[in-house]
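Peer 1: Protein chains in written order, with my numbering: chain D, 1 to 398; chain L, 1 to 398. Take a look at the following structure, please.
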DNA sequence: TAGACGCGTTCGGTTTTCCGAACAGGTCAG
DNA sequence: CTGACCTGTTCGGAAAACCGAACGCGTCTA
């Protein structure tokens, strides 16, 4: 029934949790069992792979499932949630279902019924399309790809917004190929490079194909006027725009809102670490084939380092790093130090306690910074109590 | 609150029914009270006119409300249902909400709360009509509307100042409709788009109607001169101006003071969050009606996010966001992330437990790497015991 | 001037983490 | 075949981490 499904179980009760895990694994699912809301928030916010559904208790020692769900849906579309609770109320059930949770069951329940509803829930949320991966394999990436493909079927102008190096150009090409104009040309016009040919030339060149105007947020005022006119009197070609979210804030409001009517936001690579890993594998395969003596592969540690890196430069940075690393690698495997040579400086081996303390210190300082030095809010940010923060600061000498 | 609304009440209990009818009619609704499921089925299947919502008890002498709802939705999407029940269960509530019923309340309930939820339900299903409230439902909006209507009664030129997207254009139309010239045309001239026709043409076109000059603060020097002249020798048409407060500071002083003689300032949307919510409800209803598979509604989190947002782009931004969100929504409910997709770009804040786990995971993998996969030596490298390493690997899923 | 609020600090109790001991295999050299 | 050595795993107790409650203190506000 659940063969190969990946589930997350959030449940503090040891007995209940164990029995659920046992039964779910019997059905073939891979289950990650989390006992605390804080942990669950982290695991669901930066998952190690695709998660099919979340089974979530409501009363938890450090919070409640409802808040967990609300926090998750604040920033990203949450995975389907199946809530299970002992002391639930009708009002709560209504609230949660209306908030977009998938289902809600009272304890105690019959295991068969629980499983049936879980299966229904997963089936309802299963992505219908497959298609080629342009962006990545994460939920966010697949969702974005699906939206781009849908937009390709229409004739409307589309704005693809995202950080530099997030893959906007790739998506524009994918959109073009998914549209009825795929036989026509795809012309790329970079608005941030005024030296290039005039916009009108690009329009003529695109003809019955697609015109992708990159960095539309960097247009000068005349360019903006021209674009407004272009949107009012559509040219022969299909229009697709690319731009950075912050840059778009500075565009004149009427044009911005016109563009935003069909905006597709590409989540940055840092929001989907699994894609960073996936992208590295692909880039590695390409670069490795060109080596005279191909490497055997990538170490686990290198993968972990890639997932943990923030990727401020997006896919472009990743690409540069992988190519350089494959070029410079010495051993038979691609090591983390090949990808991040700048870290060699701090090379001496450290024990687990040391790296843990350092990570904690850095995060505590960041939290204090973010909360203007208020310890109470910093502690809330960090998910620990005020006293624990104080204790840690004592220990770390802050 | 419910003025002019048509409601159907399905309730067998005489006391309860009477009290509900009394209160609902007090609020201005027209209520049709049915005591049997069979009757209700007929009345709802071939309604005598538009019905805004159905308030429905579950336990009925000749059937139950759930079956009634199911039977109705078998053929077409039913009107919004608000279920009220004394002997309800969580399972039933979940089932009904999942099936698309609007809301579900347990008896006994506080009448105020019941009314509030009924109003929300109706608003979410009711597309905006013409010529109703122009700005919103907040006190600020109401006051501004009153001032505009009063100004409409005079013949003087009026300056409507406010942020872009605050609703200046709507107010201008409202002013026109409230004036004695309502039978004449309303001509809009956008001063920020010089490409358009000349001002003199617009004056001629407006004739005995109203001329609305938008973005009057963006006029070029010649335009300012022309406008000064226009104010000295009033044309046949009524003059209304729109402009942004900061932009007006830069206008030449004599013209500015002339314009300011009868200025109405529109408070920005950010100053009246209730209006943002209200406006979203209306826009949502309109956009949702055009969907092939209408959404069930807006989640509470989405409402909260809308109220909290600063709306630098005013109503225009809100409109663009809602339309796009309804277009792109995937689940049965409109989520906060549909309205603010760019928020996935926000680097997710990590709790201390998360960064600690992340750091540990990376170091453990590095140690295993360095020790060729021998756990014992890796544990020694990390400065922990073999069992602890095993336990950590379990917990981190390695 | 009283109250609300946030901070530093201590304390007792609960939970988790960590470790060593132990046991059942598995491998490999002798 | 046998013993040395390693691994995966469980168990119980010691150590720590963590939390909430509480107290005194300064600061800010009504």
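Built from N, CA and C at the ideal position, the CB exists for glycine as well.
1) If you draw a straight line from the C-alpha of residue 373/L to the C-alpha of residue 379/L, how long is it?
2) For residue 292/D and residue 335/D, I'd like the C-alpha separation in whole angstroms.
3) Measure the alpha-carbon distance for residue 219/D versus residue 299/D and round it to whole angstroms.
4) Of the choices 381/D, 172/D, 331/D and 170/D, whose alpha-carbon is the least far from that of residue 294/D?
5) Tell me the DSSP secondary structure of residue 340/L in three-state form.
6) Out of 271/L, 316/L and 288/L, which has the shortest C-alpha to C-alpha gap to residue 307/L?
7) Are the CB atoms of residue 217/D and residue 244/D nearer to each other than 7 angstroms?
8) Report the CB separation of residue 138/D from residue 337/L in whole angstroms; it is logged as a contact under 8 angstroms.
9) Taking residue 284/L as part of the alpha helix (DSSP H), name the residues at either end of that continuous run.
10) Going by C-alpha distance, which of 206/L, 339/L and 349/L is nearest residue 322/L?
11) Verify the CB distance criterion: does residue 171/L have a CB-CB separation below 7 angstroms to chain D?
12) Verify the CB distance criterion: does residue 351/D have a CB-CB separation below 7 angstroms to chain L?
13) So, at 7 angstroms on beta carbons, what are the nonlocal neighbours of residue 175/L in its own chain, with the 5 sequence-adjacent residues on each side left out?
14) Hey, would you say residue 26/D sits closer than 7 angstroms to residue 10/D, going by beta carbons?
15) Return helix, strand or coil for residue 135/D, following the three-state DSSP convention.
16) Name the chain L residues whose beta carbon is nearer than 8 angstroms to that of residue 321/D?
17) Identify the contact partners of residue 299/L in chain D, using a Cβ-Cβ distance below 7 angstroms as the criterion.
18) Which of the three DSSP states is assigned to residue 201/D in this structure?
19) Work out the CA separation of residue 87/L and residue 108/L for me, nearest whole Å.
20) Is it true that the CB of residue 2/D sits closer than 7 angstroms to the CB of residue 28/D?
21) Chain L partners of residue 304/D, CB-CB under 7 angstroms?
22) So, is residue 369/D buried or exposed, given that buried needs 16 or more other C-beta atoms within 10 angstroms?
23) DSSP beta-bridge partners for residue 103/D?
24) Three or more C-beta pairs closer than 8 angstroms, one from the stretch 311-320 of chain L and one from the stretch 244-257 of chain D: is that the case here?
25) Is there a Cβ from chain D that is less than 7 angstroms from the Cβ of residue 117/L?
26) Mind listing the chain D neighbours of residue 335/L? Cutoff is C-beta to C-beta under 9 angstroms, in chain order.
27) Taking residue 93/L as the query, report the chain D residues whose CB atoms sit under 7 angstroms from its CB, ordered along the chain.
28) Could you tell me which whole beta strand (DSSP E) segments of length 3 or greater appear in the stretch 21-66 of chain D?
29) Taking the alpha carbon of residue 402/L as the point to measure from, which residue in 118/L, 287/L and 170/L has its own alpha carbon closest?
30) Check residue 183/D in the structure and name its three-state DSSP category.
31) For residue 119/L versus residue 81/L, is the C-beta distance shorter than 7 angstroms?
32) Under DSSP, the alpha helix (DSSP H) around residue 300/D begins and ends at which residues?
33) Between residue 212/L and chain D, is there a C-beta pair that is closer than 7 angstroms?
34) Over the uninterrupted beta strand (DSSP E) stretch that includes residue 114/L, give me the two end residues.
35) Name, please, each residue of chain L whose Cβ falls closer than 7 angstroms to the Cβ of residue 338/D.
36) DSSP on residue 311/L, reduced to helix/strand/coil?
Peer 2: If we stick to the structure as given:
1) 11 angstroms
2) 18 angstroms
3) 44 angstroms
4) 331/D
5) coil
6) 271/L
7) yes
8) Not a contact, Cβ separation roughly 15 angstroms.
9) 273-289
10) 339/L
11) no
12) yes
13) 148, 151, 152, 158 and 240
14) no
15) coil
16) The contacting residues do not exist; residue 321/D stays about 16 angstroms from chain L at best.
17) 98, 99 and 100
18) helix
19) 10 angstroms
20) yes
21) 361, 362 and 365
22) exposed
23) 82/D
24) yes
25) no
26) 73, 77, 78, 99 and 100
27) 90, 93 and 94
28) 30-34 and 53-57
29) No information on residue 402/L is available, as it lies outside the stretch 1 to 398 that chain L covers here.
30) coil
31) no
32) 300-308
33) no
34) Careful: residue 114/L lies outside any beta strand (DSSP E), inside the alpha helix (DSSP H) at 111-124.
35) Neighbours of residue 338/D on chain L: none; closest Cβ ~13 angstroms, over 7 angstroms.
36) coil
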